[in-house]
Structures are given as structure tokens and as C-alpha cells.
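See structure below.
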Amino acid sequence: MCVKDKVFKLLYGVEKPGRYIGNEMNMIKKDPVKVDVRFAFCFPDVYEIGMSNLGLKILYHLLNEREDVYCERAFMPWVDMQQQMKKEGVKLFSLETFTELDKFDIIGFSLSYEMSYTNLLKMLELCGLPLESQKREKGMPIVIAGGPCTYNPEPLWEFVDVFVIGEGEEVILEFIDLYKKYKFSSMTKDEFLFECTSIQGCYVPSLYNVKYNQDGTIKSIVPVSESVPAKVKKRIVKNLDTSYFPTRMITPLIEVVHDRITLEIFRGCARGCRFCQAGVIYRPVRLRSSKKVLQYAKELVENCGCNEISLVSLSTSDYPNIDELAREILKFAESKKVNISLPSLRLDSTSLDLLKEVEKVRKPTLTFAPEAGTQRLRDVINKNIKEEDIYSTVKLAFERGFQNIKLYFMLGLPLEEDEDVLGIYTIAKNIREIYKELGLKKRIRITVSTSFFVPKPHTPFQWEAQDSIENMQRKMKLLKENLRKVKDVEYSWHDFYLSKLEAVLSRGDRRLSRVIKRAVELGCQFDDWGEFFDFSKWEKAFQQENIDWRFYSDRKRSFDEVLPWDIIDTGVTKEFLKKECLLAYEAKTTSSCFERCTGCGVATFRGGICVGK
Numbered sequence: 001m002c003v004k005d006k007v008f009k010l011l012y013g014v015e016k017p018g019r020y021i022g023n024e025m026n027m028i029k030k031d032p033v034k035v036d037v038r039f040a041f042c043f044p045d046v047y048e049i050g051m052s053n054l055g056l057k058i059l060y061h062l063l064n065e066r067e068d069v070y071c072e073r074a075f076m077p078w079v080d081m082q083q084q085m086k087k088e089g090v091k092l093f094s095l096e097t098f099t100e101l102d103k104f105d106i107i108g109f110s111l112s113y114e115m116s117y118t119n120l121l122k123m124l125e126l127c128g129l130p131l132e133s134q135k136r137e138k139g140m141p142i143v144i145a146g147g148p149c150t151y152n153p154e155p156l157w158e159f160v161d162v163f164v165i166g167e168g169e170e171v172i173l174e175f176i177d178l179y180k181k182y183k184f185s186s187m188t189k190d191e192f193l194f195e196c197t198s199i200q201g202c203y204v205p206s207l208y209n210v211k212y213n214q215d216g217t218i219k220s221i222v223p224v225s226e227s228v229p230a231k232v233k234k235r236i237v238k239n240l241d242t243s244y245f246p247t248r249m250i251t252p253l254i255e256v257v258h259d260r261i262t263l264e265i266f267r268g269c270a271r272g273c274r275f276c277q278a279g280v281i282y283r284p285v286r287l288r289s290s291k292k293v294l295q296y297a298k299e300l301v302e303n304c305g306c307n308e309i310s311l312v313s314l315s316t317s318d319y320p321n322i323d324e325l326a327r328e329i330l331k332f333a334e335s336k337k338v339n340i341s342l343p344s345l346r347l348d349s350t351s352l353d354l355l356k357e358v359e360k361v362r363k364p365t366l367t368f369a370p371e372a373g374t375q376r377l378r379d380v381i382n383k384n385i386k387e388e389d390i391y392s393t394v395k396l397a398f399e400r401g402f403q404n405i406k407l408y409f410m411l412g413l414p415l416e417e418d419e420d421v422l423g424i425y426t427i428a429k430n431i432r433e434i435y436k437e438l439g440l441k442k443r444i445r446i447t448v449s450t451s452f453f454v455p456k457p458h459t460p461f462q463w464e465a466q467d468s469i470e471n472m473q474r475k476m477k478l479l480k481e482n483l484r485k486v487k488d489v490e491y492s493w494h495d496f497y498l499s500k501l502e503a504v505l506s507r508g509d510r511r512l513s514r515v516i517k518r519a520v521e522l523g524c525q526f527d528d529w530g531e532f533f534d535f536s537k538w539e540k541a542f543q544q545e546n547i548d549w550r551f552y553s554d555r556k557r558s559f560d561e562v563l564p565w566d567i568i569d570t571g572v573t574k575e576f577l578k579k580e581c582l583l584a585y586e587a588k589t590t591s592s593c594f595e596r597c598t599g600c601g602v603a604t605f606r607g608g609i610c611v612g613k
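Quick note: the sequence shown uses the UniProt record's numbering, first residue 1, plus one each step.
What follows is the structure, encoded as C-alpha cells:
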């Protein structure tokens, strides 16, 4: 019985069989025998999450533009499917041809979140492949990984052959060309990995030696040869108008998390929030022209069959003339009965006209992210939003008939006091008062959601300590008790232990690789899913490997300490990050890149709004 027949037989006993059958609209079909390179694009989470990822779709279609490459997809199977696969002896397979993944040339992982690390190892295990890179010989798949988490790749260094640092569109085709040379020659795997370092944006961890001080901090990170770069500089797409973007995207058969057309209008962020890793690693800001956005929007609506189009970026309202662009898209979207979504709107620039235009189609939940409860703390984190902006925009929304307001905040930010925590309660209370003063009768819902600050690599707060779990619990309870006093307010918060593990993994070094492997052996997987996450198993893994996880999360680091991710060059200088950290302690803000160049260092890329600076 072929793999496809075996898989279809398994589907009678699993939840959501649509996750495993492929054959979606715009799926690429090729004859695997007629290509030189077979590439398995793996997303280490379930189908519904992976198929919401724009990066997956861009790289999937980009690779399949080449006649000599067939890119297929694989996702983390749910536990019921894993059990069925184990019972019937089926290895992890692709959705396009139901080929087991150990038959592919390259297995590529997209790493968006640290909590997917155990899933990566589990997927390799389901392939029947050795987990460690050094145990996979020539003839076995080369394992690569890209995405935001690779800006500190060290915790996964033992398992991944090559990390792609930066934007995959710029690197992946060069990597494919080099792989073909390797595949069809006598070149050894070691020689191939050595050659990979000649491609800017490729980090081969096995070609670097790490030494430690007696106190457990890193002493040095040194390449094994002078011809291996001392630092790996990220790659970026310099011009979004000329870069590849598919307008006939693969469309899921079942409902996914973000069940809509996703159109990126610009990349990067000019705001410089000091806690935000994305705002650093995606610099510089690069705008897609309104002409291209309109062209792509029309083609996507025609080709993808979704009922909503989302204009995405890290700060959508910073796009020049976003009101005019939204109106132009609405002109043809409304006639097709397609909604328009504008996520990541900032409170201080949401206009009446834009709200009116969106309102014509629907009245969604309005989501705002003040992040901190007081102006002082918003200045500390460089979140340039005034309290009056919050209230004026919410009042405008209520007057236009919006009834659901969602507010996102962070607890445990550097320099946070209890006054800042209670400031969140004050904001929620004042918003409820605004609605009452307007005399409106419909029932409203105000949702306050808090996450816990995680000090991320390559940010001005990368040296800061994370709050202890005890302090997280205390602050959450303080806020919860006060929010109970406010009518129509619901409160949700992120799991303390999940935030703690995220900090550990995001700031970890090479020693964590054996902890992650141990955690998988203890049964850890789907760590971002509440029903599966078990911090006690992780604690046991740390204990068995004789590592104190608090060393990574709860410890403040000095400016002169060698950090595990110092090997990666984002273009933003360490001097700039230090300066921003010191400004935070003075509660002084830094202006947007649109206002003036802040001298962060990414102008060396000569791309986007940094050209000419």
C-alpha cells in the first residue's frame, strides 16, 4: 500500500482530516522525478497556524517558480494523527505528494516562536531522522531553519545544519544553487556546510567554537577558520516593489487562524519600541508603492477566493496615505463582498475617515496596544502614545457604533511600579466612563489582555532581567482585583510559566540544546497549547541536565557581557541599543525614523527609507 493510501486510511480516526489531505486551491503540482531538488517546507505547528503564515506562502511559491525545484509542505500532526502514524508505521509526509520527508533533499523549518522548538525536534523524530546534525550524513536531508527565532539560533545549534538569517527570499535561491552543486558532485557534507558560509545570511553553527567563563557566561564565540565570517550579517529585500510576491496563493481547504488574504504593504517599523524585537530585526522600513498594493489586492481577490483582505505591517497606519489606499481597495472589494482588515493601527493616527470607510463593510473589534498603564512607563518603552490619544480614539469609535474594544498591555516591563499596573485599571475605568457619558444604550465589551515582558535579543532591553514568577503572579492579581470593579470589562492574561520559558529559550545559549532534547524525551510538544504545556517537565529536563533556567531569564546582564546572539549582525549596532537602554532609564523617548534618522546603523543596507542617509 502506498503512503497516500495509508494516510487516507488513518484519517477515519483523527480530528480534522482536512489538515492532512492537501489538494487545496492553487496548490503546486509537479512530477517529482523531473526536478533536481525536493524541498520540504515544514511549519512546526498544526496546519491551521502554518497556513496563516505569509512567509510560508511567499517561499512556497517562489521556490516552485523554478522548474528544477519542487517545494512541498508538511505540518506538525496533532497527537491523534501521531498515534495513528506510529501504529501504522507511517513517517511524516508532504501534503503535495505524500512523500515521507526523509526522502527529500532539504527540510526547511520556519521558526516564528520559541515554543515551537520541541515540535521541530518531534517532526525530525517523526521523519525517522537523527536529531543531531553531525549524525546526518550525505544522502540524508540537509536541515535548515529561518524566521525571527534564528536571530538567536544557539539553543537549536545541534539540530540544524544551516540557519538563514534575514529574509528568505534573498537567500534561498542561492542556497538551492549551492545545494545542487553539492548533490551532483563528490563534495562532502562538511565541505558543503563550509561553502554555505560564503552566502551572506547563512549561519553554520558547527563552524563556530564557544567557550565559557567559570560563572557560566560566554567567554568567546570564534569561527573555526579565518575564511568563516566572524559575524553573520542578515539579508534583506531592499525594494518590495521589485521583490517576489505571489498573487495566486495557495488557499486552505479548512478554516485557519487567519482565514483571509494577507497583503504586506510595508516591511519594518519606524517606531522603535524598546521591548520589540521585530522592530529591530526587520529594519529598515521598506514601503510597497500604493500602485503595487492596489494591483496585488485586485489579483489576490480574484485568485484566492477569500472574503477578507488584510493590509499587514508592523504599524499599518504609518503607511503614507493609508486612508486613501484603504478607500481605493474598498471600491472594488465591496463589490466582491470582500471585507478589508487593517491590523496594527496606532491610536495616535487612526482617523475618522478611515474608521468610516471600514465601518461601511463591518464593525469589527477595535484592538489597541497602549502596552503600559502610565505615561511615564510608555516613555520608558518608547511607546509614543499619549493618554488623550487613547480616549479620543475610543470615544470616536463608540460614536461610530463600535461596541467591542480590546486593549493589550504588558506587565513586568523594566522600571515598572505598582502605580503603572494600576494605571491599566484606570484606563479601562475611564473608557467605560466615556461610554456612559455618551449616553449610549447598547451593551459594550472592553477586553483587557496582558502578557508578560520577555527580554528579547537585539533589543534595547536585551540586558534586562525578567520578573520572577512570584512577581508576575502578584501584579496579575493586583490588576485583576481592581478590574473587577469596572462594569463590562473582561480580563485575560498570559501564562506565567510560558512567558518564563519563552525568556529562557529566547536568551539561551548552546547548552540549552540538550535541555530541549531532554524535554522532548519527557513528552514535551505543542508547548504553546495550554492543554499540553507542562512546565514541570521542563523543570525536570533542566534538573537532569544540571542547568538553572533562572540563569537565562531572571538575571540582568552587563553591557560588556558576551551574548549568545552576538554572532548575528542585524545592522542595528550594539552602541545604539545601549544608548536606547540608558534613555529608557531616564524615561526619554526617541523619535520615529520617519521624522529623522536615529543613527541605529541599518542605513548601511542602503534600502527603504534609509537610502541616502
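Every residue gets a Cβ at the ideal spot worked out from N, C-alpha and C, and that includes glycine.
Model, not experiment: these values are computed from the prediction.
Name the two residues that bound the continuous alpha helix (DSSP H) containing residue 643.
-> Because the chain in this structure spans residues 1 to 613, residue 643 falls outside the shown range and cannot be described.
Expressed to the nearest angstrom, what Euclidean distance is found between the alpha-carbon atoms of Pro148 and Gly201?
-> As a first step, residue 148 is located in the sequence shown; it is residue number 148 there, counting from the start. As a first step, residue 201 is located in the sequence shown; it is residue number 201 there, counting from the start. Between Pro148 and Gly201, the alpha-carbon positions lie close to 13 Å from each other.
Please work out which residues of its chain come closer than 7 Å, Cβ to Cβ, to Val33, disregarding the five sequence neighbours upstream and downstream, and give them in chain order.
-> Locating residue 33 in the sequence shown gives position 33, counting from the first residue. Within the same chain, Val33 has no close Cβ partners at all.
In whole angstroms, what separates the C-alpha of Glu125 from that of Leu131?
-> As a position in the sequence shown, residue 125 is number 125, starting the count at 1. As a position in the sequence shown, residue 131 is number 131, starting the count at 1. Each residue's alpha carbon lies about 7 Å from the other.
Phe43 vs Asn53 beta-carbon contact at 8 Å | Stepping through the sequence shown from its first residue, residue 43 is reached at position 43. Stepping through the sequence shown from its first residue, residue 53 is reached at position 53. Yes, these two residues count as a Cβ contact at 8 Å.
Could you round the C-beta distance between Arg73 and Leu95 to whole angstroms and report it? I think they count as a contact, below 8 Å.
-> Against the sequence shown, residue 73 aligns to sequence position 73. Against the sequence shown, residue 95 aligns to sequence position 95. Correct: roughly 5 Å between the Cβ atoms.
Backbone secondary structure at Tyr425 - three-state DSSP | Here residue 425 corresponds to residue number 425 of the sequence shown, with the count starting at 1. Helix at Tyr425.
Met472 versus Phe533 - alpha carbon distance = For the purposes of this step, residue 472 is taken as residue 472 along the sequence shown, with counting starting at 1. For the purposes of this step, residue 533 is taken as residue 533 along the sequence shown, with counting starting at 1. So the alpha carbons of these two residues sit roughly 18 Å apart.
Put Leu263 into one of helix, strand or coil per three-state DSSP.
-> In the sequence shown, the residue the question calls residue 263 occupies position 263. Looking at Leu263 - three-state DSSP - the assignment turns out to be strand.
Jot down the residue ranges of each uninterrupted alpha helix (DSSP H) in the segment 502-580, minimum 4 residues, whole runs only, in chain order.
-> Listed in chain order, the complete alpha helix (DSSP H) runs (minimum 4 residues) inside the segment 502-580 are 512-521, 535-544 and 550-553.
Pair within 8 Å by beta-carbon distance, Asp566 and Lys233 = Position 566 of the sequence shown, counted from the start, is the residue given in the question as residue 566. Position 233 of the sequence shown, counted from the start, is the residue given in the question as residue 233. No; because the gap between Cβ atoms is not below 8 Å, this pair is not in contact.
Are the Cβ atoms of Lys231 and Ser220 separated by less than 8 Å?
-> The residue you call residue 231 lines up with position 231 of the sequence shown. The residue you call residue 220 lines up with position 220 of the sequence shown. For Lys231 and Ser220, no; Cβs fall outside 8 Å.
Outcome for Cys597 when other beta-carbon atoms lying within 10 angstroms are tallied against a minimum of 16 | The sequence position of residue 597 within the sequence shown is 597, counting from 1. Of the other Cβ atoms in all chains shown, fewer than 16 fall within 10 Å of the Cβ of Cys597; this residue is therefore exposed.
The alpha helix (DSSP H) with Asn404 in it runs from where to where?
-> The count along the sequence shown starts at 1 and reaches residue 404 at position 404. Following the DSSP letters along the chain, one finds Asn404 in no alpha helix (DSSP H) but inside the beta strand (DSSP E) bounded by residues Asn404 to Leu411.
Inter-residue CB distance, residue 617 and Ile427 (contact presumed, cutoff 8 Å) | Given that the chain is displayed from residue 1 to residue 613, the structure contains no residue 617 and the question cannot be resolved.
Go ahead and pull the three-state DSSP assignment for Cys71.
-> As a working mapping, residue 71 is identified with position 71 in the sequence shown. In the structure shown, Cys71 sits in a strand (DSSP, three-state: E or B).
Taking all protein chains shown into account, decide if Asp318 is buried (16 or more other Cβ within 10 angstroms of its Cβ) or exposed.
-> What you label residue 318 is simply residue 318 of the sequence shown in a count that begins at 1. Classification for Asp318: buried.
Check whether the Cβ atoms of Val394 and Ile424 lie closer than 8 Å to each other.
-> Translated into positions along the sequence shown, residue 394 becomes position 394. Translated into positions along the sequence shown, residue 424 becomes position 424. Taking a C-beta distance under 8 Å as the contact criterion, Val394 and Ile424 do not qualify as a contact pair.
When you compare only the Cα positions, how much space is there between Arg484 and Asn209?
-> Stepping through the sequence shown from its first residue, residue 484 is reached at position 484. Stepping through the sequence shown from its first residue, residue 209 is reached at position 209. Rounded to whole angstroms, the gap between the alpha carbons of Arg484 and Asn209 is 54 Å.
CA-CA distance, Gln543 and Asp528?
-> For this step, residue 543 is matched to residue 543 along the sequence shown. For this step, residue 528 is matched to residue 528 along the sequence shown. When rounded, the distance between both Cα atoms is 22 Å.
With distances taken Cα to Cα, identify the nearest neighbour of residue 614 among Asp259, Glu154, Leu478 and Pro460.
-> With the chain covering 1 to 613 only, the question about residue 614 has no answer from this structure.
One or two residues paired with Ser492 in a DSSP bridge | Stepping through the sequence shown from its first residue, residue 492 is reached at position 492. Beta-bridge pairing links Ser492 to Ser449.
Helix, strand or coil at Val232 [DSSP, three-state] = Reading the sequence shown from its first residue, position 232 is the one you call residue 232. In the structure shown, Val232 adopts extended strand secondary structure according to DSSP, grouped into three states.
How is the alpha helix (DSSP H) around Tyr47 delimited, first residue to last?
-> The residue labelled residue 47 in the question sits at position 47 within the sequence shown. Looking at the DSSP string, the run of the alpha helix (DSSP H) that includes Tyr47 is Tyr47 to Gly50.
Cβ-based burial, Tyr203 [other Cβ within 10 Å; buried from 16] = Start at 1 with the first residue of the sequence shown, and residue 203 comes out as number 203. With 16 or more Cβ atoms within 10 Å of its Cβ, Tyr203 is classed as buried.
Measure how close the beta-carbons of Val7 and Phe98 come, nearest whole angstrom, since I'm counting them as under 8 Å.
-> Numbered from 1 along the sequence shown, position 7 holds the residue referred to as residue 7. Numbered from 1 along the sequence shown, position 98 holds the residue referred to as residue 98. At roughly 6 Å, the Cβ-Cβ gap stays under 8 Å, so Val7 and Phe98 are in contact.
How would you call Gly128, buried or exposed, if buried means at least 16 neighbouring beta carbons within 10 angstroms?
-> For the purposes of this step, residue 128 is taken as the residue at position 128 of the sequence shown. Burial is judged here by how many other beta carbons sit within 10 angstroms of a residue's own beta carbon; Gly128 has fewer than 16 and is exposed.
Which residues in the same chain have their Cβ closer than 7 Å to the Cβ of Ile236, if we skip the five residues on either side of it in sequence?
-> Position 236 of the sequence shown holds residue 236. Excluding residues within five positions, the ones whose Cβ falls inside 7 Å are Gly166, Glu167, Glu170, Phe605 and Gly607.
Which residue's Cα is closest to the Cα of Thr589: Lys386, Gly571 and Leu501?
-> The residue you call residue 589 lines up with position 589 of the sequence shown. Between Thr589 and the set Lys386, Gly571 and Leu501, the nearest pair of CA atoms involves Lys386.
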